[in-house]
Every structure is written in structure tokens, then in C-alpha cells.
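Undergrad: This structure is in C-alpha cells; I'll ask about it shortly.
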Amino acid sequence: KAAHNGVVACGEYGEDMRDNIVNEQVIVNNMQSSLLRGEFLVYIQPKYELMSEKIVGGEALVRWLHPQLGFISPSRFIPIFEKNGFIYQLDKYVWERACQILREDMDAGRPVLPISVNVSRIDFYSPNIVQVFEQLIEKYDIPPRLLELELTESAYVENPQQIIEITKELQRKGFPILMDDFGSGYSSLNMLKDMPVDILKIDLQFLSDSDKEDNGRGGNILNSVVRMAKWLHIPVIAEGVEKQQQVDFLRTIGCECVQGYFFSKPVPLEVYRDLVGKGFSETPLPVHLGPEDT
Ligand code: C2E
Ligand code: MG
Ligand code: MG
Ligand code: MG
436 KAAHNGVVAC GEYGEDMRDN IVNEQVIVNN MQSSLLRGEF LVYIQPKYEL
486 MSEKIVGGEA LVRWLHPQLG FISPSRFIPI FEKNGFIYQL DKYVWERACQ
536 ILREDMDAGR PVLPISVNVS RIDFYSPNIV QVFEQLIEKY DIPPRLLELE
586 LTESAYVENP QQIIEITKEL QRKGFPILMD DFGSGYSSLN MLKDMPVDIL
636 KIDLQFLSDS DKEDNGRGGN ILNSVVRMAK WLHIPVIAEG VEKQQQVDFL
686 RTIGCECVQG YFFSKPVPLE VYRDLVGKGF SETPLPVHLG PEDT
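Using UniProt numbering, you'd call the opening residue of the sequence shown number 436 and step up by one each time.
Written out as C-alpha cells, the structure reads:
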């Protein structure tokens with residue numbers, strides 16, 4: 436598929452961004468120069484409050500648009516970068532872009548909503564990851580609550596003690612911690628017991644294959660997770676919402692926030708800002724009332 440000056444009728448936004456089959460060696464040979472040439476783009480997928488359908492923030496998702504190779508999907512290149520360590524460089528680039536975006540919004544007097552960034556388990560092997568985040572928010576002079584950190588659930592499995600320590604430190608410094616892909620791993624409930632978590636993102640697998648009114652078995656699990664999160668006073672975001680019927684179901688079980696193609700795909704920054712302009716809410720995610728308070 437042809438790419439034109441890294442623009443490619445821009446990506447998922449609007450059209451199908453079909454994955455190019457590129458072999459691993461090609462990916463490795465091109466990653467460094469692509470980073471230098473700005474061929475990794477940061478798209479943003481809005482997160483919506485379910486009741487008001489207003490935007491409460493966005494997630495930064497990296498896109499690789501190579502002028503010759505075309506679009507390469509994150510699910511293709513991220514595992515390769517995690518294997519060879521390049522992910523840390525790329526992630527630092529994405530984190531910095533998120534900070535720049537927040538600073539621009541503040542300077543321009545636009546609404547300033549939190550942006551979440553993904554943190555790979557590999558990034559935790561860097562001894563100074565906490566300082567990296569601290570230096571970034573200092574450099575751009577933004578409050579840490581605006582830079583949310585998404586950690587995929589499976590990250591904890593590998594080196595739990597070290598990851599828990601570092602995550603707690605980041606949380607103490609004021610960075611909100613989001614547990615990503617919750618429910619996708621083996622020991623989700625155990626994680627929840629040990630890990631600092633401010634917001635839970637429920638994996639999209641619970642929403643799939645659901646044409647039934649009650650969403651079937653996945654629906655029952657979703658319902659239980661949302662209830663459990665309420666008990667724990669942790670707000671929930673459901674990922675991968677694609678259909679009206681899923682929206683209706685999530686409303687009935689009291690899920691606060693959603694992210695998914697039904698509302699918006701990940702989009703270029705300008706498009707995200709337009710969407711925010713059409714309806715946003717600056718109130719932070721609500722802290723749940725547990726059953727004892729209701
Ligand atoms: P993730 O962090 O769980 O991000 C959500 C993924 O689900 C994104 O895929 C997003 O485009 C996709 N998605 C959102 N809504 C829907 C929907 O309604 N239906 C479906 N089928 N998919 C939906 P994407 O951007 O391809 O990223 C895949 C994964 O790659 C991410 O999963 C994340 O783990 C990783 N990733 C993406 N960008 C970065 C990054 O900058 N750094 C790191 N370390 N990982 C990243
Ligand atoms: Mg994520
Ligand atoms: Mg996720
Ligand atoms: Mg995911």
C-alpha cells in the first residue's frame with residue numbers, strides 16, 4: 436500500500452489501515468532512522484464518560500508510517516521492539532509528545548484533559564524510569580495528574596516486586612496508574628491485590644461475541660468486574676466498544692467510561708482536539724460509592 440510523505444490518508448482515521456507484512460529484519464533495520472525522521476506518529480483515542488458521552492481524556496497510541504513500507508501495526512512492531520529493547524526509546528518519545536501536547540493545550544487556553552501513555556514492562560528495566568517521568572513534567576511544567584500511565588496487566592507477572600515498587604513510587608509522585616487489558620492475563624485478581632491502581636481498563640475480549648441481550652458469559656464477567664471495582668472505589672473504562680448494544684449494556688451495569696471504535700478510533704492530534712472541542716468534561720473520574728455508602 437502506498438504512503439505519501441508519511442501521510443497515508445491518515446491511518447485508521449476514516450479508512451482501513453491494513454497491516455503490511457514486513458519481516459522482522461526490515462523492522463529492525465528501519466526503526467532507528469524512522470524515529471529520527473519522525474515517522475512514528477502519536478495518535479490519540481478519546482475516552483468517553485458513558486452517561487454524558489463527553490470526552491474525559493485520551494490515550495496516546497503510536498503509529499508507524501514508513502514512506503516506503505507503509506503502515507506497520509503496533510501489534511507487529513511492539514513485540515519486536517520489546518525483544519530488542521528499542522521500545523524504551525520509542526516510549527520515551529511518545530511520553531514526551533504527550534507532554535508537549537498538554538503544554539500546547541495549556542498555552543493555547545484549550546481544554547486540558549489527561550492523556551494516558553503506554554508503559555511497556557521492558558521500560559521497567561531502565562534504572563531511572565521514575566526520573567524520566569519527573570524530568571518530563573518538569574521540562575513541560577505540567578501537573579503529573581495529566582500524564583496517566585497505562586501498564587498492561589501481564590507486565591506484573593514477570594518481575595512483580597520490582598514493578599510494584601516502581602509503580603508505587605510513580606503513584607506517590609502523582610501520576611495516575613491505569614491497569615490496562617484487565618482480565619486478559621492469568622492472575623488478574625491477584626494483581627489487583629498487590630498493585631497500585633487508580634483506574635481499571637477492562638480488556639475488550641469481554642465485549643466480543645456478544646449479540647445476546649445480556650452479553651452472555653462475557654457480560655456476566657464484565658458485570659462482576661464493574662461491581663468489584665465499585666467495592667474497591669476504582670473507576671472503570673471498558674475498552675473496545677464497537678456497538679450500540681454494548682453501550683446499552685455497559686450503561687445498565689454502571690460502567691463509567693468507554694473507549695472504542697463506536698465512539699472514535701485513534702485519530703491524529705488535530706482531529707482529537709476537534710472532538711474534544713465538541714464536548715468534554717474536566718471533572719476527574721468519579722470515585723465510587725461503595726455499597727456501604729449507598
Ligand atoms: P492497548 O494499550 O490496549 O490499546 C488499545 C488497542 O485497542 C489499540 O490498538 C486500539 O487501536 C485498539 N482499539 C481501540 N478501540 C477498539 C475497538 O473498538 N475495537 C478494536 N478491535 N480495537 C480497538 P493499537 O493502537 O493497534 O495498539 C495495540 C497495542 O500496542 C496497545 O494495546 C498497546 O499495548 C501497544 N501500544 C500502542 N502504542 C504503544 C506505545 O506507544 N507504547 C507501548 N509500549 N505500547 C503501545
Ligand atoms: Mg493502553
Ligand atoms: Mg488496553
Ligand atoms: Mg489491549
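Beta carbons: idealized from backbone N, C-alpha and C, even for Gly. All figures in this text were calculated on a predicted structure; none of them were measured in a lab.
Quick check: what's the CA-CA separation for Q606 versus N458?
TA: Counting from 1 along the sequence shown, the entry for residue 606 is found at position 171. Counting from 1 along the sequence shown, the entry for residue 458 is found at position 23. About 38 Å.
Undergrad: Measuring only the C-alpha atoms, how far is L657 from I637?
TA: Walking along the sequence shown from the start, residue 657 turns up at place 222. Walking along the sequence shown from the start, residue 637 turns up at place 202. Their backbone Cα atoms lie some 8 Å apart in a straight line.
Undergrad: Here's a check: name, in chain order, each residue in its chain whose Cβ is nearer than 8 Å to the Cβ of S716, leaving out the five neighbours to either side.
TA: Working through the sequence shown from its first residue, we reach residue 716 at position 281. Around S716: E484, S487, K489, I490 and V491.
Undergrad: For the beta strand (DSSP E) containing T587, list its first residue and its last residue.
TA: Counting from one through the sequence shown, the residue named residue 587 turns up at place 152. From DSSP, the beta strand (DSSP E) with T587 extends over L582 to T587.
Undergrad: Is the separation between the beta-carbon of I612 and that of L586 shorter than 8 Å?
TA: Walking along the sequence shown from the start, residue 612 turns up at place 177. Walking along the sequence shown from the start, residue 586 turns up at place 151. In this structure, L586 lies closer than 8 Å to I612 by Cβ.
Undergrad: Kindly indicate the opening and closing residues of the beta strand (DSSP E) around S551.
TA: For this step, residue 551 is matched to residue 116 along the sequence shown. Segment I550 to V554, the beta strand (DSSP E) holding S551.
Undergrad: Closer than 6 Å by C-beta to K713: which residues in its own chain qualify, once you throw out the five before and the five after it? Chain order, please.
TA: The residue given as residue 713 occupies position 278 in the sequence shown. Counting only Cβ-Cβ distances below 6 Å, and skipping sequence neighbours, we find nothing.
Undergrad: Across the stretch 516 to 526 and the stretch 544 to 558, are there enough close Cβ pairs to call them in contact, namely three or more that are closer than 8 Å?
TA: Yes, since at least three Cβ pairs between the stretch 516 to 526 and the stretch 544 to 558 fall closer than 8 Å, the two stretches touch.
Undergrad: Okay, do the stretch 685 to 702 and the stretch 465 to 484 touch, 3+ Cβ pairs below 8 Å being the bar?
TA: With a cut-off of 8 Å, the stretch 465 to 484 and the stretch 685 to 702 count as touching, because enough Cβ pairs lie within range.
Undergrad: Would you mind reading off the limits of the beta strand (DSSP E) that contains E488?
TA: In the sequence shown, counting from the first residue as 1, residue 488 sits at position 53. Unbroken run through E488: none, as it is neither H nor E.
Undergrad: Could you tell me which uninterrupted beta strand (DSSP E) segments, each at least 3 residues in length, are contained entirely in the stretch 497 to 526, listed from first to last along the chain?
TA: The stretch 497 to 526 contains these whole beta strand (DSSP E) runs: 505 to 507.
Undergrad: Does DSSP put A470 in a helix, in a strand, or in coil?
TA: As a first step, residue 470 must be located in the sequence shown, where it is residue number 35. Sequence check: residue 470 is Leu here, not Ala. Note: L470 maps to helix in three-state DSSP.
Undergrad: Does the count of Cβ pairs from the stretch 680 to 689 and the stretch 470 to 477 closer than 8 Å reach three?
TA: Flag = no, the stretch 680 to 689 and the stretch 470 to 477 do not touch.
Undergrad: Going by DSSP in three states, E717 sits in which element: helix, strand or coil?
TA: Translated into the one-based positions of the sequence shown, residue 717 becomes position 282. Three-state result, E717: coil.
Undergrad: Does G712 come out as helix, strand or coil in the three-state DSSP assignment?
TA: Here residue 712 refers to the residue found at position 277 of the sequence shown. Looking at G712 - three-state DSSP - the assignment turns out to be helix.
Undergrad: When burial is assigned at 16 or more other CB atoms within 10 Å of the CB, is N465 buried or exposed?
TA: Your numbering for residue 465 matches position 30 in the sequence shown. Flag for N465 reads buried.
Undergrad: Which stretch, first to last residue, makes up the beta strand (DSSP E) that contains K482?
TA: Locating residue 482 in the sequence shown gives position 47, where the first residue counts as 1. Where K482 is concerned, the enclosing beta strand (DSSP E) stretches over F475 to E484.
Undergrad: If I'm right that A673 touches V693 with Cβ under 8 Å, what's the distance once you round it to whole angstroms?
TA: One-based indexing of the sequence shown puts residue 673 at position 238. One-based indexing of the sequence shown puts residue 693 at position 258. The Cβ separation is near 5 Å, so the contact holds.
Undergrad: Among the residues of its own chain, which have a CB less than 8 Å from the CB of N440, if the five just before and after it don't count?
TA: By 1-based counting over the sequence shown, the position of residue 440 is 5. Confidence is the limiting factor: at N440 the pLDDT is only 38, short of 50, which leaves the residue's position unreliable, though a coordinate-based value still follows. Excluding sequence neighbours, N440 sits near P502.
Undergrad: Using the beta carbon as the reference atom, which residues fall closer than 5 Å to any heavy atom of ligand 2, ordered along the chain?
TA: The set, ordered by position in the chain, is N553, E585 and D615.
Undergrad: Is the Cβ-Cβ distance between E588 and S619 less than 8 Å?
TA: For the purposes of this step, residue 588 is taken as residue 153 along the sequence shown, with counting starting at 1. For the purposes of this step, residue 619 is taken as residue 184 along the sequence shown, with counting starting at 1. Taking 8 Å as the Cβ cut-off, E588 and S619 qualify as a contacting pair.
Undergrad: Using 10 angstroms around the beta-carbon of D728, count the other beta-carbons present and answer buried if the total reaches 16, otherwise exposed.
TA: Here residue 728 refers to the residue found at position 293 when the sequence shown is read from its first residue. Residue confidence is low: D728 scores 43 on pLDDT, short of 50, so the model does not pin down where it sits. Its coordinate-derived value is still stated next. Burial call: exposed.
Undergrad: Check whether the Cβ atoms of V671 and L635 sit closer than 8 Å, and answer yes or no.
TA: Sequence index remark: in the sequence shown, residue 671 carries index 236 (1-based). Sequence index remark: in the sequence shown, residue 635 carries index 200 (1-based). Their beta carbons are under 8 Å apart, which means V671 touches L635 by this criterion.
Undergrad: In the DSSP assignment, find the alpha helix (DSSP H) that holds I577 and state where it starts and stops.
TA: Position 142 of the sequence shown, counted from the first residue, corresponds to residue 577. Careful: I577 lies outside any alpha helix (DSSP H) and carries neither H nor E.
Undergrad: Leaving out five residues on either side along the sequence, give the residues of the same chain with a beta carbon under 8 Å from the beta carbon of L496.
TA: Residue mapping note: residue 496 aligns to position 61 of the sequence shown, counting from 1. Cβ within range, chain order: V477, Y478, I479, Q480, P509, N553 and P701.
Undergrad: Tell me, which residues are paired with G692 by DSSP?
TA: By 1-based counting over the sequence shown, the position of residue 692 is 257. First, the residue type needs correcting, since residue 692 is Cys and not Gly in the sequence shown. The partner list for C692 (beta bridge, DSSP) reads E484 and I672.
Undergrad: For a quick check, are the C-beta atoms of L581 and V632 less than 8 Å apart?
TA: One-based indexing of the sequence shown puts residue 581 at position 146. One-based indexing of the sequence shown puts residue 632 at position 197. Not a contact, by the Cβ cut-off of 8 Å.
Undergrad: Please name the residue or residues paired with A495 in a DSSP beta bridge.
TA: Within the sequence shown, residue 495 is the residue found at index 60, counting from 1. According to DSSP, which records beta bridges pairwise, A495 is partnered with I479.
Undergrad: Roughly how many angstroms separate the alpha carbons of V711 and G544, rounded to a whole number?
TA: Your numbering for residue 711 matches position 276 in the sequence shown. Your numbering for residue 544 matches position 109 in the sequence shown. Approximately 13 Å between the Cα atoms of the pair.
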